[in-house]
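These notes are about the structure you will find just below.
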DNA sequence: ACCATTTATGTAATCAGTTACGGATATGTC
DNA sequence: GACATATCCGTAACTGATTACATAAATGGT
């Protein structure tokens with residue numbers, strides 16, 4: 003091993019500071035997703051991390067439509083649509099047209115889905131605790147990200163750049 | 003407009019807390035990337051935000067190999083390889099085999115690349131300032147993300163989960 | 001010099017999200 | 001009731017990253 007595992011590297015990346023933030027966020031996200039995925043694999047459960055937000059919303063028992071979920075989770079409806087197919091294919095979720103509005107497709111956990119929810123509850127719980135622990139160790143990174151989102155909403159990057167340079 | 007643009011939504015997402023962190027980071031990253039992209043388009047410059055880290059490394063004048071860049075920027079060498087092709091296709095970067103090690107391909111800005119670097123310098127500068135401003139407004143979110151990376155390196159998510167639940 | 005192993009790079013396949021667009025249903029106005 | 005418009009959802013194409021695999025060059029022990 004000729005150089006430290008990543009130290010000089012990391013510092014260099016950090017020196018780019020804010021400019022490279024986007025990429026760093028992406029990589030961090032990929033990393034946590036991958037790690038979570040491995041946890042399901044270890045347990046031999048046919049469940050994918052990217053299903054979690056939808057699955058978790060439905061766990062409450064309240065049926066929701068595709069767009070409801072998209073709005074709540076801040077993703078495109080297409081994304082939800084794809085996750086829905088996957089969850090239905092696994093038999094974890096069922097859907098039917100809304101009686102009052104035929105355009106809406108209402109999703110709910112199947113019996114199998116509810117059983118899996120119960121089975122995975124301890125894991126979800128552990129995941130949640132681990133994430134909370136992680137966040138605490140990082141000095142409430144979530145709050146910082148909240149503030150970042152707020153700041154961007156208040157004034158988008160483009161306008162900030164314009165203000166700093168015609 | 004039947005409900006506030008995103009308020010109840012945001013709070014709900016936040017309530018998921020750490021568990022949904024991965025997705026939120028991804029979305030935030032996508033957003034900043036898109037906004038930055040628009041800035042180049044506005045100026046009619048054929049430049050993409052994802053080239054920036056590589057381009058910026060080479061701006062110093064020091065030639066670097068694909069793997070050098072990958073190590074420094076913490077991305078896969080494949081990613082660098084693809085960016086290299088794009089930058090060469092645009093004529094901004096040139097490459098040649100290392101004289102001492104034929105496996106290595108050494109990259110450097112072309113004259114056109116250096117000209118663009120000079121032309122975009124004010125924009126890069128403004129971007130940097132905007133990002134610094136943003137970061138300050140968010141109470142140093144970058145530091146929080148650094149701490150998150152550190153914490154994950156210290157003890158990966160998987161082990162944390164195991165510790166919270168057999 | 002020779003062969004095994006490691007390193008640097010590239011190509012192909014995959015993945016999880018997006019935008020673009022189209023079809024079906026609701027809604028509001030005449 | 002009919003037509004214009006808006007909303008819900010889905011399919012297709014694109015994006016930007018990754019892993020898996022392949023190739024070429026260097027290195028080291030014999």
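Chains as they are written, first to last, in our numbering: chain A, 3 to 168; chain B, 3 to 168. For glycine and all other residues, C-beta sits at the position ideal for the given N, C-alpha and C.
Next item on the list: Count the CB pairs spanning the region 35-46 of chain B and the region 67-83 of chain B that are closer than 8 Å, and state whether there are at least three.
Entry: By the Cβ rule, the region 35-46 of chain B does not count as touching the region 67-83 of chain B, because fewer than three pairs are nearer than 8 Å.
Next item on the list: Could you tell me which residues DSSP pairs with residue 99 of chain A in its beta bridges?
Entry: For this step, residue 99 of chain A is matched to residue 97 along the first chain. In the DSSP secondary-structure assignment, residue 99 of chain A is bridged to A/107.
Next item on the list: Kindly say whether residue 71 of chain A, judged by its beta-carbon, lies nearer than 7 Å to any beta-carbon of chain B.
Entry: Walking along the first chain from the start, residue 71 of chain A turns up at place 69. For residue 71 of chain A, the answer is no, since every Cβ of chain B falls outside 7 Å of its Cβ.
Item checked: Which of helix, strand or coil DSSP assigns to residue 67 of chain B -> Numbered from 1 along the second chain, position 65 holds the residue referred to as residue 67 of chain B. Residue 67 of chain B falls in the strand class under three-state DSSP.
Notebook entry, point to check: Would the C-beta of residue 139 of chain B count as close to the ligand GTP, meaning under 6 Å from any of its heavy atoms?
Noted result: Among the components of this structure there are no ligands whatsoever, and the ligand GTP is therefore not found.
Check: Using 8 Å as the threshold, is the region 141-160 of chain B in touch with the region 96-110 of chain B, meaning 3 or more CB pairs across them?
Finding: With a cut-off of 8 Å on Cβ pairs, the region 141-160 of chain B is not in contact with the region 96-110 of chain B, counting fewer than three such pairs.
Notebook entry, point to check: At a CB-CB cut-off below 8 Å, which residues of chain B make contact with residue 112 of chain A?
Noted result: Residue numbering aside, residue 112 of chain A sits at position 110 when the first chain is read from its first letter. Correct list: empty, because the minimum Cβ distance to chain B is about 22 Å.
Check: Apart from the five residues just before and just after residue 163 of chain B, which ones in its own chain have a Cβ nearer than 8 Å to its Cβ?
Finding: Walking along the second chain from the start, residue 163 of chain B turns up at place 161. By the criterion of a C-beta distance shorter than 8 Å, residue 163 of chain B is surrounded by no residue of its chain, once the five residues flanking it on both sides are discounted.
Checklist line | Under 7 Å between C-beta atoms of residue 119 of chain A and residue 61 of chain A | finding: If you number the first chain from 1, residue 119 of chain A lands on position 117. If you number the first chain from 1, residue 61 of chain A lands on position 59. Their beta carbons are under 7 Å apart, which means residue 119 of chain A touches residue 61 of chain A by this criterion.
Notebook entry, point to check: If you run the structure through DSSP and keep just helix, strand and coil, what is residue 7 of chain B?
Noted result: Counting from 1 along the second chain, the entry for residue 7 of chain B is found at position 5. Unreliable placement is indicated for residue 7 of chain B, whose pLDDT of 36 sits below 50; no coordinate value is reported for it.
Notebook entry, point to check: Using a Cβ-Cβ cut-off of 8 Å (strictly less than) and excluding sequence neighbours within five positions of residue 67 of chain A, which residues of its own chain qualify?
Noted result: Against the first chain, residue 67 of chain A aligns to sequence position 65. So the list reads 100, 106, 107, 108 and 109, once near-sequence residues are dropped.
Next item on the list: Output the distance between the C-alpha atoms of residue 175 of chain B and residue 114 of chain B, rounded to the nearest integer angstrom.
Entry: Lying before the first or after the last residue shown, residue 175 of chain B is absent from chain B, which here runs from 3 to 168.
Check: alpha helix (DSSP H) containing residue 115 of chain B: first to last residue?
Finding: Taking the second chain and counting its residues from 1, the one referred to as residue 115 of chain B is at position 113. In the DSSP assignment, residue 115 of chain B falls within the unbroken alpha helix (DSSP H) covering 113-139.
Next item on the list: Report, in whole angstroms, the separation of the C-beta atoms of residue 54 of chain B and residue 89 of chain B, which I expect to be a contact under 8 Å.
Entry: Along the second chain, read from residue 1 onward, the residue named residue 54 of chain B stands at position 52. Along the second chain, read from residue 1 onward, the residue named residue 89 of chain B stands at position 87. The Cβ separation is near 11 Å, so there is no contact.
Item checked: Per-residue burial, residue 63 of chain A [other beta carbons within 10 Å of its own, 16 or more giving buried] -> As a first step, residue 63 of chain A is located in the first chain; it is residue number 61 there, counting from the start. So residue 63 of chain A counts as exposed.
Item checked: Per-residue burial, residue 117 of chain B [other beta carbons within 10 Å of its own, 16 or more giving buried] -> If you number the second chain from 1, residue 117 of chain B lands on position 115. Burial is judged here by how many other beta carbons sit within 10 angstroms of a residue's own beta carbon; residue 117 of chain B has fewer than 16 and is exposed.
Note to self: Am I right that residue 95 of chain B and residue 111 of chain B are in contact with their C-beta atoms under 8 Å? What's the rounded C-beta distance?
What the structure shows: Counting from one through the second chain, the residue named residue 95 of chain B turns up at place 93. Counting from one through the second chain, the residue named residue 111 of chain B turns up at place 109. Rounded to whole angstroms, the Cβ separation of residue 95 of chain B and residue 111 of chain B is 6 Å, and the two are in contact under 8 Å.
Item checked: Residues near residue 167 of chain B by beta carbon distance below 8 Å, same chain, minus five either side -> Here residue 167 of chain B is taken as the residue at index 165 of the second chain, counted from 1. Same-chain partners within the cutoff: there are none.
Margin query: Can you list, in chain order, the residues of its chain with a C-beta nearer than 6 Å to that of residue 144 of chain A? Leave out the 5 residues immediately preceding and following it.
Written below: For this step, residue 144 of chain A is matched to residue 142 along the first chain. Shown here for residue 144 of chain A: same chain residues with a beta carbon closer than 6 Å to its own, the five before and five after excluded, namely 137 in chain order.
Next item on the list: With a threshold of 16 other CB atoms inside 10 Å of the CB of residue 87 of chain A, please say whether the residue is buried or exposed.
Entry: Indexing the first chain from 1 puts residue 87 of chain A at position 85. By the C-beta density criterion, residue 87 of chain A is exposed, having fewer than 16 other C-beta atoms within 10 angstroms.
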